[in-house]
Each structure stands twice: as structure tokens, then as C-alpha cells.
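Asks:
Residue numbers (my numbering): 75 to 338.
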């Protein structure tokens with residue numbers, strides 16, 4: 075069993091946008107696949123948990139893309155478990171380029187779900203048996219999320235076949251595609267650096283409709299010097315930034331909240 079899981083992959087055609095660089099949604103897919111493979115290697119993978127009626131569910135994730143790898147580049151995707159925090163099992167992520175330079179960093183909070191009751195379970199006992207990788211911290215800024223009010227309805231999405239995963243709900247990476255699709259194409263295409271924080275609040279089941287609400291974020295970077303800001307994993311030169319919320323149209327219940335910051 076490996077404390078740190080590493081995969082080498084090429085940036086293929088389906089991973090890039092018209093700028094010929096890695097998309098945000100592709101980063102989520104890289105992280106998801108690496109985490110699934112590592113959990114299986116550690117004996118707590120999908121098939122292991124299915125036997126006890128449980129499942130890993132991503133509840134929140136923060137990442138910072140310092141440089142968007144280009145089509146044809148070879149990158150190394152790494153991931154490792156850290157520790158538990160209340161109901162969350164923390165997992166860090168990192169992508170390095172062919173020269174060994176970190177270009178993407180992230181941290182996710184995972185829940186263990188009782189599949190039948192659709193309720194989270196305590197993860198302490200499960201996490202205690204995993205490597206903690208003390209001192210190997212990919213994302214010192216932690217899981218921040220500073221959402222603004224005054225969001226406006228932008229679009230609606232219905233969870234269809236291509237959105238639904240093995241567990242019968244919309245996959246976490248599909249939410250990122252929804253966010254991309256309601257963001258100005260030119261902003262995402264031109265961005266050299268991207269910071270995203272997302273909290274998943276409620277499952278979206280097949281056929282459900284989600285309203286997508288957005289608002290610009292004016293003060294997109296915290297106070298401090300350029301060096302201090304960079305250490306917090308925010309774009310060094312701030313660009314257009316937005317808050318997002320997905321809501322159920324009938325009840326107004328939030329199913330996810332996110333904040334996107336661009337620049338570079």
C-alpha cells in the first residue's frame with residue numbers, strides 16, 4: 075500500500091479548451107480518478123465499502139491552478155490522505171509538470187455515506203487506519219469559501235444520464251462543468267490561474283432540475299502583499315471572479331455553493 079499515490083498522464087485533446095490548455099473540469103476528473111485508485115490500493119475503495127453499504131462522497135474541495143498545462147504535456151498527478159476533521163476525511167492533491175514543478179494544488183473533504191439511509195457516517199475509525207502523511211501539506215490555505223449575496227438566476231440544468239454516476243446521483247465533476255457553462259467563455263479561456271472552492275450540500279438525483287445562480291465577486295483577492303497572496307494560493311494578478319449557488323426550484327434549497335477566482 076502506498077502512502078502517496080502517483081499517476082502519470084498526458085494532457086489529451088478532451089482535456090483542453092480553445093486556449094489549448096487544461097480545463098478546470100479536467101483537473102477535477104484527474105483528482106477524482108487518482109483518489110479512487112488510491113482508496114482501492116489502501117483497502118478502502120469503492121468495492122470495499124460497497125460490501126458494507128457505504129460509499130465515499132466528495133463534500134468540499136478547494137484547488138488552485140497556478141499554471142494550466144498545455145495539450146501534449148505529460149504531468150504527474152499525486153494524492154494522499156491526511157487526517158479527519160469532524161465528519162470529513164481530508165485528502166490532498168498535486169499535479170506536477172515534466173520538470174517536477176507544482177502547477178496545481180488542492181484539498182478535498184470526503185464523507186462516508188450510508189448508501190441506504192443517504193446519511194453521513196463517522197470516519198474517524200476508518201481514517202485512523204490510513205496514512206496521515208503528517209507535514210506533507212499541498213494546500214496550506216485550507217478550505218476557504220467566502221460567498222456573496224445578491225446572486226441572480228442564470229440558467230437551469232437537469233440531471234440526465236451523462237451526469238449520473240455509479241451511486242445514482244450527479245457526479246461531483248459534473249457540477250464543475252455546469253459552473254463552466256454559466257461563466258463567460260472568454261474569461262475561462264484567457265485565465266492563466268484559477269482558484270475554485272466548492273461545497274456540495276445536497277445530492278442531485280436523476281431528472282432533478284437545478285437552478286444556477288451567480289454574482290460577480292469584486293474583492294477577489296484578500297488583503298496583503300503579492301507574496302502573501304501567492305502563498306494563499308490565489309491568482310497573483312486578480313481577474314474576474316464569481317460566486318455560484320445551485321438551488322432546487324421548488325424549495326430554494328441549496329445543493330452546492332462555489333466561488334471561482336481567475337487571473338494570472
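Heads up, the beta-carbon is just placed ideally off N, CA and C, and yes, glycines get one too.
Is the distance from the Cβ of residue 290 to the Cβ of residue 309 below 8 angstroms?
Replies: Against a cut-off of 8 angstroms, the Cβ pair of residue 309 and residue 290 comes out as no contact.
Asks: For residue 104, does the three-state DSSP call read helix, strand or coil?
Replies: Here residue 104 sits in helix by DSSP.
Asks: If you count every other CB in all the chains shown that lies within 10 Å of the CB of residue 190, and 16 or more means buried, which is it?
Replies: So residue 190 counts as exposed.
Asks: Quick one: what does DSSP say residue 164 is sitting in, helix, strand or coil?
Replies: Reduced to three states, the DSSP call for residue 164 is strand.
Asks: Do you know how far the Cα of residue 114 is from the Cα of residue 134?
Replies: When rounded, the distance between both Cα atoms is 21 angstroms.
Asks: Give the DSSP-derived three-state secondary structure of residue 275 in the structure shown.
Replies: Coil at residue 275, not helix or strand.
Asks: Can you tell me the Cα-Cα spacing of residue 247 and residue 145, whole angstroms?
Replies: Straight-line Cα distance between these residues: approximately 20 angstroms.
Asks: Nearest-angstrom Cα distance between residue 242 and residue 131?
Replies: Roughly 12 angstroms between the two C-alpha positions.
Asks: CA-CA distance, residue 151 and residue 322?
Replies: Each residue's Cα considered, the two are about 35 angstroms apart.
Asks: In this structure, does DSSP put residue 120 in helix, strand or coil?
Replies: The answer is helix: DSSP assigns residue 120 an H, G or I state.
Asks: I want to know whether the segment 158-167 touches the segment 224-238 - three or more CB-CB distances under 8 angstroms.
Replies: These segments do not touch.
Asks: Looking only at DSSP bridge pairs, what is residue 311 linked to?
Replies: DSSP, once it has assigned bridges, lists no residue as partnering residue 311.
Asks: Tell me, which residues are paired with residue 197 by DSSP?
Replies: Answer by DSSP bridge pairing: none, since residue 197 is not bridged.
Asks: With a CB to CB cut of under 8 angstroms and the five nearest residues on each side skipped, what residues in its chain are close to residue 153?
Replies: Cβ within range, chain order: 78, 79, 105, 108, 109, 112, 165, 166, 167 and 168.
Asks: Using C-beta distances below 6 angstroms, list every residue in its chain close to residue 138, excluding the 5 sequence neighbours before and after it, in chain order.
Replies: Excluding positions up to five away in sequence, the list reads 179, 269 and 307.
Asks: Using a Cβ-Cβ cutoff of less than 8 angstroms, which residues in the same chain neighbour residue 88 once the five nearest sequence positions on both sides are dropped?
Replies: Closer than 8 angstroms at the Cβ level, and outside the excluded window around residue 88, lie 100.
Asks: Since I believe residue 85 is in contact with residue 96 (beta carbons under 8 angstroms), could you give me their beta-carbon distance rounded to a whole number of angstroms?
Replies: 6 angstroms between Cβ atoms; contact.
Asks: Can you give the Cα-Cα distance for residue 83 and residue 75, rounded to whole angstroms?
Replies: If I take the Cα positions, the gap works out to 21 angstroms.
Asks: Grab the span of the beta strand (DSSP E) containing residue 76 for me, first residue to last.
Replies: Looking at the DSSP string, residue 76 is not in any beta strand (DSSP E), and its letter there is neither H nor E.
Asks: Excluding the 5 residues preceding and the 5 following residue 266 in the sequence, name in chain order all residues of the same chain whose CB lies nearer than 6 angstroms to its CB.
Replies: Hits under 6 angstroms: 338.
Asks: Excluding five sequence neighbours on each side, which residues of the same chain lie with their C-beta closer than 7 angstroms to the C-beta of residue 148?
Replies: Closer than 7 angstroms at Cβ, skipping near neighbours: 82, 84 and 172.
Asks: Residue 261 lies in the alpha helix (DSSP H); which residues open and close that run?
Replies: Looking at the DSSP string, the run of the alpha helix (DSSP H) that includes residue 261 is 259-264.
Asks: Quick one: grab the DSSP three-state call for residue 131.
Replies: Correct three-state label for residue 131: strand.
Asks: Where residue 121 and residue 240 are concerned, what is the direct C-alpha to C-alpha distance, given to the nearest angstrom?
Replies: Taking the straight line from one Cα to the other gives about 11 angstroms.
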